[in-house]
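All residue numbers for the sequence shown refer to the numbering used here, where the first residue is 53 and numbers rise by one.
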Amino acid sequence: MSAAAGLRPRHVTVEGRRVRHRVDGDGPPVVLLHGIGRSLRDFTEQHELLASRFRVHSVDLPGYGGSLPMAEPCTLPALGRFVGRYLDTVGVDQPAHLVGNSLGGAVAMQVAAAEPDRVASLALVNSAGFGQEVTLALRLLTLRPLGRLLLRPSRAAARRVERTLFHDPSFVTDERIAYALELAGQPYTARVMLETCRHLGTFRGVRPQWRDELLARVAERDVPTLIVWGDRDLILPATHLDAARARLPKARTHLFTDCGHLPQVERAEEFHRMLVDFWATEARPATGGRSATVAATD
C-alpha cells in the first residue's frame with residue numbers, strides 16, 4: 053500500500069494553532085502518534101486498516117508535517133498536553149487507544165501518566181523512553197551550532213534518513229524521499245526538531261531523568277500496554293525491549309525479525325492483527341458514545 057494512498061488530510065484549530073489530522077471510521081477512538089521529524093503518513097497503512105472498525109485519528113504533532121508549532125517550547129510535557137487538548141477539540145470524550153511510534157510512544161506514555169482517564173490502552177512501537185542509546189544522528193543534533201547545519205534540507209540527507217528507518221530497502225521509495233525532503237523544508241522543522249532533541253537528550257544519549265520519572269508514573273497507572281520492536285532498528289536499538297519488559301512487566305511484548313524502526317509500515321498486516329487482538333483481549337473497554345465528527349477545513 054502506498055504511503056500516500058487515500059490520504060485525506062484536514063486541519064483543525066487547537067489552542068489557536070492549525071493542526072493537520074486525518075479522521076476516518078466509526079467505533080472506539082484510536083489516536084496514532086508519529087516520531088520525531090516525521091508525520092501522520094507513517095501511520096497511513098494502519099489508519100486505513102483500522103478505520104473499518106474504529107474511529108481513527110492520525111495527527112501531525114505540533115511543528116511537524118502540516119501542524120504549526122506550539123506557542124511554548126516543544127517538550128514532552130507540552131506534547132502530552134497537546135494531545136489532551138486535541139482530543140477535547142475533536143470531541144473525543146471517552147478513553148482512546150493511543151498508538152505511538154518512537155517519540156510518539158513517549159508522548160502516549162506522557163498522556164497516560166498525566167491524564168490516565170483519557171487512555172484505554174497504550175501501544176508503543178519502537179518507543180523512546182526505555183534506554184539511553186540512540187542513533188548518532190540524533191545525538192549530534194543536540195550540539196550547537198552543528199545541529200542546525202545538519203538539518204539543512206537535501207535530497208541526499210532525506211535518502212539517508214529513509215534508509216535508516218527501514219530494514220527492507222524496497223520501502224525507501226522516491227515518493228518517500230521526496231516527501232521527507234518536503235517536510236525538512238518547512239520553515240519551522242529545524243527549530244522544533246532541535247528543541248525536541250535538546251529537551252530529551254544530550255550528545256551522550258537520552259536523558260535518564262525524564263525516562264525514569266515517566267516510566268515510574270506509567271507503571272503506577274497500570275494501563276494495558278503492548279510494546280513491539282523491530283530487531284534491526286538503527287534509531288533505538290532492540291535491546292530497549294528488554295528494558296521495557298523490566299520496567300513494565302505486565303506489558304505484552306513482541307520482537308519483529310528483519311524489521312527496522314517502523315514495524316507499522318514494514319509489517320503492516322502482522323502489526324495490525326497483533327494490535328486488534330491486544331485490544332480485544334487486554335485493553336480497557338473504549339466503547340460508548342461515538343466521537344464527535346469534526347468540522348474541519350482543507
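No residue lacks a Cβ here, since even glycine has one placed at the ideal position from N, Cα and C. Fair warning: this is a prediction, and the values are worked out from it, not measured in the lab.
As a quick exercise: from Val-142, Gly-68 and Thr-277, pick the residue whose alpha carbon is nearest that of Arg-74.
Val-142
Three-way DSSP call (helix, strand, coil) for Thr-187 in this model
coil
Once you ignore the five residues that flank Ile-287 on each side, which residues in its own chain have a CB closer than 6 Å to its CB?
Thr-187 and His-313
Phe-308 in three-state terms, based on DSSP:
strand
Inter-stretch contact (C-beta, 8 Å, three-pair minimum) for the region 251-263 and the region 114-124:
no
For Thr-127, which residues in the same chain have their Cβ closer than 6 Å to its Cβ, ignoring the five residues on either side in sequence?
His-251
Whole angstroms is fine: what's the gap from Ile-229's alpha carbon to Lys-302's?
38 Å
Starting from Arg-105 and walking both ways along the alpha helix (DSSP H), at which residues does that stretch end?
Where Arg-105 is concerned, there is no enclosing alpha helix (DSSP H), given that its DSSP letter is neither H nor E.
Which runs of the beta strand (DSSP E), 3 residues or longer, sit entirely within the region 135-202?
148-153 and 171-177
What does the alpha-carbon distance come out to for the pair Ser-154 and Leu-307?
15 Å
So does the region 200-208 actually touch the region 229-240, counting three or more Cβ pairs closer than 8 Å?
yes
Quick one: using the 10 Å Cβ neighbour count with 16 as the cut-off for buried, is Leu-150 buried or exposed?
buried
Regarding Pro-221 and the ligand ATP, is the C-beta to nearest heavy atom distance less than 7 Å?
What this structure holds is no ligand at all, so the ligand ATP is not there to describe.
Element boundaries [alpha helix (DSSP H), containing Val-244]
241-252
With DSSP collapsed to three states, give me the class of Val-317.
helix
Tell me whether Glu-97 is buried or exposed, calling it buried when 16 or more other Cβ atoms sit within 10 Å of its Cβ.
buried
Cut-off 6 Å between Cβ atoms - residues of its own chain near Thr-248, not counting five sequence neighbours on either side
Ile-88 and Cys-126
On the DSSP letters alone, give me the boundaries of the beta strand (DSSP E) that Ile-287 sits inside.
Neither: Ile-287 is in no beta strand (DSSP E) and is coded neither H nor E.
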